[in-house]
Every structure is written in C-alpha cells, then in structure tokens.
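I have placed the structure first, in the form of structure tokens, so that the comments after it can refer back to it.
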Amino acid sequence: MEFSCIIVDDERLLRESLAGFIGRYCPELHIAGKAASAGEARALLAEFPVDIIFCDIQMPVENGFDFLNSIDAGQYHIVFVTAYSQYALQAIRARAFDYLLKPIDTEELRATVNNLQKSIREKRSDAERRNDYRASFAALLNELQASRDNISRIGISHATGISFVEMNEILFLEGDGGYTIVHLLNGKKIIATRILSDFEELLPEKHFFRIHKSTIVNLQYVKEFSRSEGFSVILSNGVQLTVGRRRVQDVLDRLQYFSRNI
Numbered sequence: 117m118e119f120s121c122i123i124v125d126d127e128r129l130l131r132e133s134l135a136g137f138i139g140r141y142c143p144e145l146h147i148a149g150k151a152a153s154a155g156e157a158r159a160l161l162a163e164f165p166v167d168i169i170f171c172d173i174q175m176p177v178e179n180g181f182d183f184l185n186s187i188d189a190g191q192y193h194i195v196f197v198t199a200y201s202q203y204a205l206q207a208i209r210a211r212a213f214d215y216l217l218k219p220i221d222t223e224e225l226r227a228t229v230n231n232l233q234k235s236i237r238e239k240r241s242d243a244e245r246r247n248d249y250r251a252s253f254a255a256l257l258n259e260l261q262a263s264r265d266n267i268s269r270i271g272i273s274h275a276t277g278i279s280f281v282e283m284n285e286i287l288f289l290e291g292d293g294g295y296t297i298v299h300l301l302n303g304k305k306i307i308a309t310r311i312l313s314d315f316e317e318l319l320p321e322k323h324f325f326r327i328h329k330s331t332i333v334n335l336q337y338v339k340e341f342s343r344s345e346g347f348s349v350i351l352s353n354g355v356q357l358t359v360g361r362r363r364v365q366d367v368l369d370r371l372q373y374f375s376r377n378i
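If you count by the working numbering, then the sequence shown holds residues 117 to 378, one letter each, in order.
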C-alpha cells in the first residue's frame, strides 16, 4: 500500500535532503510535491491527494503552526520537522502526529513512518466501515420502502375500533384537525383517529401523494389535472380536489412519473 506525502520547508537543501532520505529508507512513501512556503503547500494539497505532511516550523511569512491553522489539518497526518526541541510541546498541542529533529536521524524517520502507516491504515479502515454502514443503511431504507410499497391492506383506527381496508379501495384522504377522513371507492367514509401526516408516512409513495396540506390522493384514480379556477385534480368519480399552489409543479411531476410507471 502506497502513501502520499508532501514536504514543506523554506530551505531547498533541507527539502531535498528529506526527500532523499524518504526515497532511500521509506520507498512506500510517494512524494507528491515539495513546497517552499505555506502558500505553495496549500496549492499542492488542492491538486493532489495527500496522507502525510512533513512541515518545517520556522518559515517566513507563515510558520508551520500558521500553516496548520490555515488548512483542515484533521484530513492529514502532520509531522513537524525542526532543529529546535523547544517546539516539541507546541507541536503536540497543535495535534501533530509526530515531530522530527534536524538533522534527520534515519532510524527515527523509519520509526515515524511505520507509526504513520499503521495510523493511516486504521483511519482508512474506519472510513471504509463508515461507508459500508452508510451503504447498508441505504439498502435497509430501500427494503423498507419496497416492503411498504408492497403492503396491500392498512388498518384504520376510529372511534369504535379498527377497519382493515385494501389500499386500492382508498380514493383520497382529507385532514380535519386531529382526525383524518378516509374516502373510499364505494362512497363510504371512515373518520380515523390519526392525523393526515401519519397516513403520509404509512401509505406507499408509489400510489399516494399529498396534493394539499389537507389532502392526500390515490394517484391511480386521478382522471384529470385542471387549471380552471385555480389548480385541481378531478378523480374518476368526478370529485374535484384543490391542489396547493406551492405543490403544483410537484403534483405535475408526480403524475407524469406515475403515468410512465404504472
């Protein structure tokens, strides 16, 4: 597994020296670029995927800590490279992964890179696990949606009990305060003791759509969309239902989609 790094140091000889050590003793590290300033380093980060930043502390204009504060440092493993041991505590407080003292000791470099590899692998594994979780969660949601779409009956609670109704017997639903009036194909009505939003969650999106803040309609019984005297839909039994102005385009899009997929 290859890891990518950049070297940030205002002294060219020190940049080249560290690059030479990495090439000789840490061949698994790919040097994506070398920067003489914080500005050049930010340009490299914008252009290349980078795992590790080897960064000098004492640099003109912006020092290493200024540079670290200017980027999303949590994305990278930062190793400060300095000739001054008094910066060690500050480097730790800046959440650097490690620091190396100049002149570079190749054994310390090798040990640091070993630790870097382990940490990066763990970080990548965590990211992969999170991605797997997101994929699994999305699949579960799709399964739940599919199962909801395949339910053929629904239990409707009312004042005297529960009525079990076939989905395709529901013409439309009308919100009425804390209740919902369920209109059936046979002309009967059930006054349900649930609010309209509850039914919006329960009913399959494939066939039912909220056309108004107080109305959900069964799309398979929509006969016509009318622009006469406002916006409305006309059902197969002749009932005309108002479409909310803010929902007009959504209703049109949904009706077109439904007509293509029935």
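Glycine included, every Cβ here is placed at the ideal spot set by N, Cα and C.
Reference residue i, options the options, closest by Cα
{"i": "Ile297", "options": "Gly303, Leu289 and Arg158", "result": "Leu289"}
{"i": "Glu285", "options": "Thr276, Ile306 and Gly277", "result": "Ile306"}
{"i": "Ala275", "options": "Gly190, Val281 and Thr309", "result": "Thr309"}
{"i": "Thr198", "options": "Lys239, Glu163, Arg131 and Glu238", "result": "Arg131"}
{"i": "Pro143", "options": "Leu184, Leu225 and Glu238", "result": "Leu225"}
Expected contact under 8 Å - CB spacing of residue i and residue j to nearest Å
{"i": "Leu351", "j": "Val338", "result": "6 Å"}
{"i": "Phe170", "j": "Gly149", "result": "Not quite, the Cβ-Cβ distance comes to about 11 Å (not below 8 Å), so this is no contact."}
{"i": "Val195", "j": "Thr222", "result": "Their Cβ separation, rounded to whole angstroms, is 14 Å, which puts Val195 and Thr222 out of contact at 8 Å."}
{"i": "Ile187", "j": "Leu161", "result": "6 Å"}
{"i": "Phe325", "j": "Arg362", "result": "About 14 Å; that fails the 8 Å criterion."}
Where residue i falls, given that 16 or more other Cβ within 10 Å makes a residue buried
{"i": "Asn334", "result": "buried"}
{"i": "Gly180", "result": "buried"}
{"i": "Ile270", "result": "buried"}
{"i": "Thr331", "result": "buried"}
{"i": "Asp125", "result": "buried"}
{"i": "Leu129", "result": "exposed"}
{"i": "Ile173", "result": "buried"}
{"i": "Glu118", "result": "exposed"}
{"i": "Gly291", "result": "buried"}
{"i": "Phe280", "result": "exposed"}
{"i": "Tyr192", "result": "buried"}
Limits of the alpha helix (DSSP H) - the one that residue i falls within
{"i": "Phe347", "result": "Premise fails: Phe347 is in no alpha helix (DSSP H) and is neither H nor E."}
{"i": "Arg363", "result": "Arg363 -> no alpha helix (DSSP H), and no H or E assigned at all."}
{"i": "Glu156", "result": "Ala154 to Glu163"}
{"i": "Glu178", "result": "No alpha helix (DSSP H) holds Glu178; DSSP gives it neither H nor E."}
{"i": "Glu132", "result": "Arg128 to Tyr141"}
Endpoints, the beta strand (DSSP E) within which residue i is located
{"i": "Leu217", "result": "Asp214 to Leu217"}
{"i": "Ile306", "result": "Lys305 to Ala308"}
{"i": "Ala151", "result": "Leu145 to Ala151"}
{"i": "Ile220", "result": "Where Ile220 is concerned, there is no enclosing beta strand (DSSP E), given that its DSSP letter is neither H nor E."}
{"i": "Val197", "result": "His193 to Thr198"}
Minimum Cβ-Cβ distance from residue i to chain D less than 7 Å
{"i": "Leu134", "result": "The structure shown contains no chain D; it is built from a single protein chain."}
Contact test: residue i Cβ vs the ligand ADP heavy atom, cutoff 6 Å
{"i": "Ser120", "result": "For the structure depicted, the ligand ADP is absent and the ligand set is empty, with no information on it obtainable."}
In chain order, which beta strand (DSSP E) runs of at least 3 residues are fully inside the segment 268 to 328? For the segment 268 to 328, whole beta strand (DSSP E) runs of length 3 or above, ordered along the chain, are 269 to 274, 277 to 282, 286 to 292, 295 to 300, 305 to 308 and 324 to 328.
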